[in-house]
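A.B. asks: Just so we're aligned, residue 0 is where the sequence shown starts under numbering that gives the first Met the number 0, counting upward by one.
Structure in structure tokens, see below.
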Amino acid sequence: MQQNPADIPQGGSPDNVAIADELLSRLGDIGDLPLEDRAAAYAQLHDELRTHLEGGDSAPRP
């Protein structure tokens, strides 16, 4: 899902658009998994998002 830079909401950045595109792609991939595998995949994604939002990712941003 490519987005035109002119369509980025005010305050948004191309990096944020790329992150959102990656998230949407992962959610789509999870939705395609067999039912018995989806819960574990959603739980893993939830944990990754929580860690990121709580500042657990210490990788410096450019």
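Ideal Cβ positions, reconstructed from N, Cα and C, are used throughout, including at glycine.
(1) State the start and end residues of the unbroken alpha helix (DSSP H) segment that holds residue 27.
(2) Thinking residue 32 and residue 42 are a contact (beta carbons under 8 angstroms), I'd like their distance in whole angstroms, please.
(3) Rounded to whole angstroms, what is the Cα-Cα separation between residue 24 and residue 14?
(4) Look at the alpha carbon of residue 17 and the alpha carbon of residue 44, and state the distance between them as a whole number of angstroms.
(5) Where do the ends of the alpha helix (DSSP H) carrying residue 35 lie?
C.D. replies: Quick answer:
(1) Position 28 of the sequence shown holds residue 27. Per DSSP, residue 27 belongs to the alpha helix (DSSP H) from 13-30.
(2) Indexing the sequence shown from 1 puts residue 32 at position 33. Indexing the sequence shown from 1 puts residue 42 at position 43. With a Cβ gap of about 12 angstroms, residue 32 and residue 42 do not count as contacting.
(3) Along the sequence shown, read from residue 1 onward, the residue named residue 24 stands at position 25. Along the sequence shown, read from residue 1 onward, the residue named residue 14 stands at position 15. Taking the straight line joining both Cα atoms gives about 15 angstroms.
(4) Looking up residue 17 in the sequence shown gives position 18. Looking up residue 44 in the sequence shown gives position 45. So the two alpha carbons sit approximately 17 angstroms from each other.
(5) Taking the sequence shown and counting its residues from 1, the one referred to as residue 35 is at position 36. Note, residue 35: alpha helix (DSSP H), 34-52.
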